[in-house]
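**Student:** Here you go, one structure.
Number of protein chains: 4
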Amino acid sequence: MKRNKPKYKQIIDAAVIAIAENGYHQAQVSKIAKQAGVADGTIYLYFKNKEDILISVFQEKMVVFVENLQEILKSGETSSEKLCRMIENHFAVLANDYHLATVTQLELRQSNKEIRLKINAILKEYLQLLDEILIEGMVSGEFNSAMDIRVARQMVFGTVDEITTTWVMNDYRYDLLEQAPKVQQLLLKGLKA
Amino acid sequence: MKRNKPKYKQIIDAAVIAIAENGYHQAQVSKIAKQAGVADGTIYLYFKNKEDILISVFQEKMVVFVENLQEILKSGETSSEKLCRMIENHFAVLANDYHLATVTQLELRQSNKEIRLKINAILKEYLQLLDEILIEGMVSGEFNSAMDIRVARQMVFGTVDEITTTWVMNDYRYDLLEQAPKVQQLLLKGLKA
Amino acid sequence: MKRNKPKYKQIIDAAVIAIAENGYHQAQVSKIAKQAGVADGTIYLYFKNKEDILISVFQEKMVVFVENLQEILKSGETSSEKLCRMIENHFAVLANDYHLATVTQLELRQSNKEIRLKINAILKEYLQLLDEILIEGMVSGEFNSAMDIRVARQMVFGTVDEITTTWVMNDYRYDLLEQAPKVQQLLLKGLKA
Amino acid sequence: MKRNKPKYKQIIDAAVIAIAENGYHQAQVSKIAKQAGVADGTIYLYFKNKEDILISVFQEKMVVFVENLQEILKSGETSSEKLCRMIENHFAVLANDYHLATVTQLELRQSNKEIRLKINAILKEYLQLLDEILIEGMVSGEFNSAMDIRVARQMVFGTVDEITTTWVMNDYRYDLLEQAPKVQQLLLKGLKA
DNA sequence: GATGAATGAGTTTTCATTCAT
DNA sequence: AATGAATGAAAACTCATTCAT
Numbered sequence: 001m002k003r004n005k006p007k008y009k010q011i012i013d014a015a016v017i018a019i020a021e022n023g024y025h026q027a028q029v030s031k032i033a034k035q036a037g038v039a040d041g042t043i044y045l046y047f048k049n050k051e052d053i054l055i056s057v058f059q060e061k062m063v064v065f066v067e068n069l070q071e072i073l074k075s076g077e078t079s080s081e082k083l084c085r086m087i088e089n090h091f092a093v094l095a096n097d098y099h100l101a102t103v104t105q106l107e108l109r110q111s112n113k114e115i116r117l118k119i120n121a122i123l124k125e126y127l128q129l130l131d132e133i134l135i136e137g138m139v140s141g142e143f144n145s146a147m148d149i150r151v152a153r154q155m156v157f158g159t160v161d162e163i164t165t166t167w168v169m170n171d172y173r174y175d176l177l178e179q180a181p182k183v184q185q186l187l188l189k190g191l192k193a
Numbered sequence: 001m002k003r004n005k006p007k008y009k010q011i012i013d014a015a016v017i018a019i020a021e022n023g024y025h026q027a028q029v030s031k032i033a034k035q036a037g038v039a040d041g042t043i044y045l046y047f048k049n050k051e052d053i054l055i056s057v058f059q060e061k062m063v064v065f066v067e068n069l070q071e072i073l074k075s076g077e078t079s080s081e082k083l084c085r086m087i088e089n090h091f092a093v094l095a096n097d098y099h100l101a102t103v104t105q106l107e108l109r110q111s112n113k114e115i116r117l118k119i120n121a122i123l124k125e126y127l128q129l130l131d132e133i134l135i136e137g138m139v140s141g142e143f144n145s146a147m148d149i150r151v152a153r154q155m156v157f158g159t160v161d162e163i164t165t166t167w168v169m170n171d172y173r174y175d176l177l178e179q180a181p182k183v184q185q186l187l188l189k190g191l192k193a
Numbered sequence: 001m002k003r004n005k006p007k008y009k010q011i012i013d014a015a016v017i018a019i020a021e022n023g024y025h026q027a028q029v030s031k032i033a034k035q036a037g038v039a040d041g042t043i044y045l046y047f048k049n050k051e052d053i054l055i056s057v058f059q060e061k062m063v064v065f066v067e068n069l070q071e072i073l074k075s076g077e078t079s080s081e082k083l084c085r086m087i088e089n090h091f092a093v094l095a096n097d098y099h100l101a102t103v104t105q106l107e108l109r110q111s112n113k114e115i116r117l118k119i120n121a122i123l124k125e126y127l128q129l130l131d132e133i134l135i136e137g138m139v140s141g142e143f144n145s146a147m148d149i150r151v152a153r154q155m156v157f158g159t160v161d162e163i164t165t166t167w168v169m170n171d172y173r174y175d176l177l178e179q180a181p182k183v184q185q186l187l188l189k190g191l192k193a
Numbered sequence: 001m002k003r004n005k006p007k008y009k010q011i012i013d014a015a016v017i018a019i020a021e022n023g024y025h026q027a028q029v030s031k032i033a034k035q036a037g038v039a040d041g042t043i044y045l046y047f048k049n050k051e052d053i054l055i056s057v058f059q060e061k062m063v064v065f066v067e068n069l070q071e072i073l074k075s076g077e078t079s080s081e082k083l084c085r086m087i088e089n090h091f092a093v094l095a096n097d098y099h100l101a102t103v104t105q106l107e108l109r110q111s112n113k114e115i116r117l118k119i120n121a122i123l124k125e126y127l128q129l130l131d132e133i134l135i136e137g138m139v140s141g142e143f144n145s146a147m148d149i150r151v152a153r154q155m156v157f158g159t160v161d162e163i164t165t166t167w168v169m170n171d172y173r174y175d176l177l178e179q180a181p182k183v184q185q186l187l188l189k190g191l192k193a
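Chains as they are written, first to last, in full-length UniProt numbering: chain A, 1 to 193; chain H, 1 to 193; chain S, 1 to 193; chain F, 1 to 193.
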């Protein structure tokens, strides 16, 4: 499996840095190769094409989000607490890696519709875990059981995403994690029974 | 003023169609010109460069949103009603013009950071009107006066935007306007005092 | 005759200024028209095309050189004196009009072979008058009667032209007319019997 | 070093031919590439841009002139003999390569001021060697020690250049090298003590 | 005569991908 | 497995010229 060879991760990480530092359209394959310390041609031993690199970047980085969220789901906390921890986790992971934040919030969105659809498919797993929290809360009576799950999920994700994007657009000038309590409060109020 | 000449609007509208039908990167100036029924060079009598077309598209179309919102603000309704009508208006304008919806939610976001910053500057006017509704509601006691205005605004806009984007990504398969009541309910609950 | 209408000369002079200030390739017809205070289309009422403007510029300005030289030829001076006065005149006319000097020595030479051939044809009249001085001097015994007329003419013109071009290239930093005595001395020594 | 790779010289030579045959402005990069038998993109592995090709052409070809002149300077001949051999060499090199003669005398002069200044900088080395001959002759008493070095150099170069350009303009109809004795005689008479 | 809006042909350069070594 | 030289398609923009008013 190519995914486990050292050069695979080496190229993925190089891509994040190259894209964050040069922007999506200025992150040529040759730049990524240089950043990774391999020849241009080597890239094509591990990835089908440039698009494949980008999707793989998102996929690999998404794993962290999903794994953390799965951990949160397994905890014995209330649904509200889980949602709070999910928001904190989302902010924390991105606040901890400016390059990654720039890539996911700004640069990767410059890709074409085809890539965006693939990215959305990867995102789905994360959103399904979010759905689990919401459903659990509705069942337990913590959240409003009459609400539309999809709209609720879009509110939570849309809010968290918008806040993160604005933070990146403002050049990380303030502390993203500090926003968490205010966001949690507002969203929980909207969701609660 | 070029802005009032017929060919100006003609090119703007052609650009929306060309971008919606071909995608951002495949909407060459020559395609826009052909769609507008003018020569390639004519484009440059009305716009400085391709970037200028794109920004102008957003600017011109944004006017509708802003004007409608200003109308809503002037009405004697409660802040909650105003917010509801803002959401309806947002959905209605985009549901009414698939081309425009595709362009604003998907295609224009593929532009580079420079253009995105200019687009954000234009968006600011709209967001400031949203702020006005929120502040008014906080003053009148309708909305929670302790909440963070910025976070509240990002929740409202992020939610509305996410819902619209998902609707476009799903090829307008369902009725966007029908989502409005659920969204209004959820958001208002989060905002109310 | 268009040549005598005020706008004809107006455009010629505008062209010299536009070319001198913007360079040959940056002196678009619209810039020349603006400088002349006429509409772009008006240019084409007086000149067949852009090339025609350039050739006309050279032709009109050459008239001064030729008329002065004809005056010199008519004087009762020795051939050596005439040659000296020709050199002085050449330097004086160009030193007196920096714009014209830039245009004839640098910018007009950037035109293509076709235009350069037409310019050379215009130059011929001037070179024939130079030939007259040389022949007269050879007949009178002042100049070496065994020398090749064409080579002699090319030496005189080549030297004067090279010195003028270098002066323009050096941004007119020194006095061109001051070079005359040295040039006259050197050339006359080479030519004399 | 790219300069020593076979394709570098291949492209330089192709550029000379393409420019000579099509004219400066009609020698598109694609034509040069085709003439060189490489892909358009390959040009850019060896040259920064089109301007870089043109300057490199002049630079590479100038080397021959300079090397020959350095050889002449090292010979034990008199300064007069050296000057004669310099003139012969100048004519010989260009008479031997019609393409090169067309390019240096006509086509390359159509470039813009920026390129022309760079070309002049390259030419400087050649002119400095000419100065060496002149100074040597003045010191040895062969040449007039009172003459202005710069004017003398401009006379020699201006004459040689004018004669070569006229020859090219006349489509190489006569033998350039045959002009040498007449030119040498005339110039030496002007320079001698 | 004068205008100036409209035309549309034409070229440099970039960069993802290949493949011989 | 790894390399990196070579490929060649693709697009924004300029500007001389026209012609309806």
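Just so you know, even glycine gets a beta-carbon here, dropped at the ideal spot from N, CA and C.
It should be emphasised that the depicted structure is a prediction, and the values quoted were computed from it without experimental measurement.
Please state whether DSSP places F157 of chain H in a helix, a strand or coil.
**Tutor:** Of the three classes helix, strand and coil, the one that applies to F157 of chain H here is helix, per DSSP.
**Student:** Just checking: is the beta-carbon of Y126 of chain S within a distance shorter than 9 Å of some beta-carbon in chain F?
**Tutor:** With 9 Å as the cut-off, Y126 of chain S does not count as an interface residue toward chain F.
**Student:** Determine the direct distance from the alpha carbon of K9 of chain H to that of R3 of chain H, and round the result to whole angstroms.
**Tutor:** Near 7 Å, if we compare the C-alpha coordinates of K9 of chain H and R3 of chain H.
**Student:** In three-state terms, what does DSSP make of F65 of chain A?
**Tutor:** It is helical.
**Student:** The alpha helix (DSSP H) with S80 of chain A in it runs from where to where?
**Tutor:** Element bounds for S80 of chain A: S79 to A95.
**Student:** Closer than 9 Å by beta-carbon distance: list the chain F residues that pair up with I87 of chain S, in chain order.
**Tutor:** By Cβ distance, chain F contributes nothing, its closest Cβ being about 11 Å from I87 of chain S, past 9 Å.
**Student:** What does E21 of chain H touch in chain A if you count any residue whose Cβ is under 7 Å from its own?
**Tutor:** Going along chain A, no residue has its Cβ under 7 Å from E21 of chain H, so there is no contact; the nearest lies around 12 Å.
**Student:** Starting from the beta carbon of N120 of chain F, find every residue of chain S whose beta carbon is closer than 7 Å, and list them in chain order.
**Tutor:** Under the 7 Å cutoff, chain S gives M169.
**Student:** List the residues of chain A whose Cβ lies closer than 9 Å to the Cβ of F143 of chain H, in chain order.
**Tutor:** None at all; the shortest Cβ gap to chain A is about 11 Å.
**Student:** Is L54 of chain A closer than 9 Å to A20 of chain A when the C-beta atoms are compared?
**Tutor:** Contact flag unset, no.
**Student:** Find the nearest neighbour of V160 of chain F within the set F:G137, F:Q179, F:E125 and F:D97, judged by alpha-carbon distance.
**Tutor:** The residue with the shortest Cα to Cα distance from V160 of chain F is F:Q179.
**Student:** Could you check what DSSP says for F58 of chain S in three-state terms: helix, strand or coil?
**Tutor:** Note: F58 of chain S maps to helix in three-state DSSP.
**Student:** Please return the same chain residues whose Cβ sits closer than 7 Å to the Cβ of L130 of chain A, not counting the five positions on each side in sequence.
**Tutor:** Excluding sequence neighbours, L130 of chain A sits near M86, R153, V156 and F157.
**Student:** With distance defined between alpha-carbon atoms, name the residue in A:T164, A:K182 and A:P6 nearest to D97 of chain A.
**Tutor:** Considering only alpha carbons, the answer is A:T164.
**Student:** Please check if any C-beta of chain F sits within less than 9 Å of the C-beta of K113 of chain S.
**Tutor:** Judged by the 9 Å Cβ criterion, K113 of chain S is in contact with chain F.
**Student:** How would you label E67 of chain A, buried or exposed, when you count the other beta carbons within 10 angstroms and need 16 or more for buried?
**Tutor:** Classification of E67 of chain A: exposed, given that the 10 Å Cβ count is below 16.
**Student:** Assuming H90 of chain S and I17 of chain S form a contact by the criterion Cβ under 8 Å, report the distance between their Cβ atoms to the nearest whole angstrom.
**Tutor:** H90 of chain S to I17 of chain S, Cβ: 22 Å. No contact.
**Student:** For Q28 of chain H, is the classification buried or exposed, using 16 other Cβ atoms within 10 angstroms of its Cβ as the cut-off for buried?
**Tutor:** Exposed.
**Student:** Taking Cβ positions only, does residue 233 of chain F come closer than 9 Å to chain S?
**Tutor:** Not covered by the structure: residue 233 of chain F. The range shown for chain F is 1 to 193.
**Student:** Am I right that V103 of chain A and V151 of chain A are in contact with their C-beta atoms under 8 Å? What's the rounded C-beta distance?
**Tutor:** V103 of chain A to V151 of chain A, Cβ: 28 Å. No contact.
**Student:** Is it the case that the Cβ atoms of I133 of chain F and S79 of chain F are separated by a distance below 9 Å?
**Tutor:** Yes. Within cutoff.
**Student:** Against A157 of chain A, what residues of chain H qualify as contacts under a CB-to-CB distance less than 8 Å, listed in chain order?
**Tutor:** Residue identity differs from the one stated: residue 157 of chain A is Phe in this sequence, not Ala. Ordered by position in chain H, the residues that pass the 8 Å Cβ test against F157 of chain A are E162.
**Student:** Assuming I115 of chain H and E51 of chain H make a contact with CB atoms under 8 Å, what is their CB distance in whole Å?
**Tutor:** The pair is a contact, with the Cβ atoms about 6 Å apart (cut-off 8 Å).
**Student:** What do you reckon, is the C-beta of I19 of chain A under 8 Å from a heavy atom of the ligand NAP?
**Tutor:** Among the ligands in the structure shown, none appear at all, so the ligand NAP cannot be discussed.
**Student:** For Y174 of chain H, count neighbouring Cβ atoms within 10 angstroms of its own Cβ and tell me buried if that reaches 16, exposed if not.
**Tutor:** Y174 of chain H is exposed by the Cβ-count criterion.
**Student:** In whole angstroms, give me the CA-to-CA distance for K48 of chain A and Y24 of chain A.
**Tutor:** Looking at the two C-alpha atoms, the distance is approximately 18 Å.
**Student:** Find the nearest neighbour of D171 of chain A within the set A:S30, A:Q26, A:G76 and A:Q105, judged by alpha-carbon distance.
**Tutor:** It is A:Q105 whose Cα lies nearest to the Cα of D171 of chain A.
**Student:** Do you know whose CA, among S:M147, S:E125, S:P181 and S:S111, lies nearest M62 of chain S's CA?
**Tutor:** Among S:M147, S:E125, S:P181 and S:S111, the Cα nearest to that of M62 of chain S belongs to S:E125.
**Student:** Given Q110 of chain S, which residues of its chain have a CB within under 7 Å of its CB, disregarding the five upstream and five downstream residues?
**Tutor:** Here the set comprises Y24 and H25.
**Student:** Please work out which residues of its chain come closer than 8 Å, Cβ to Cβ, to A39 of chain A, disregarding the five sequence neighbours upstream and downstream, and give them in chain order.
**Tutor:** Hits under 8 Å: A33.
**Student:** When the Cα atoms are used, what is the spatial distance from V183 of chain F to C84 of chain F?
**Tutor:** Distance between the alpha carbons of V183 of chain F and C84 of chain F: 9 Å.
**Student:** Assuming A101 of chain H and V168 of chain H form a contact by the criterion Cβ under 8 Å, report the distance between their Cβ atoms to the nearest whole angstrom.
**Tutor:** Rounded, the Cβ-Cβ distance is 5 Å, consistent with contact.
**Student:** Residues of the region 59 to 80 of chain S with a CB closer than 8 Å to any CB of chain F: list them in chain order, please.
**Tutor:** Listed by position, the residues of the region 59 to 80 of chain S near chain F (Cβ gap below 8 Å) amount to none.
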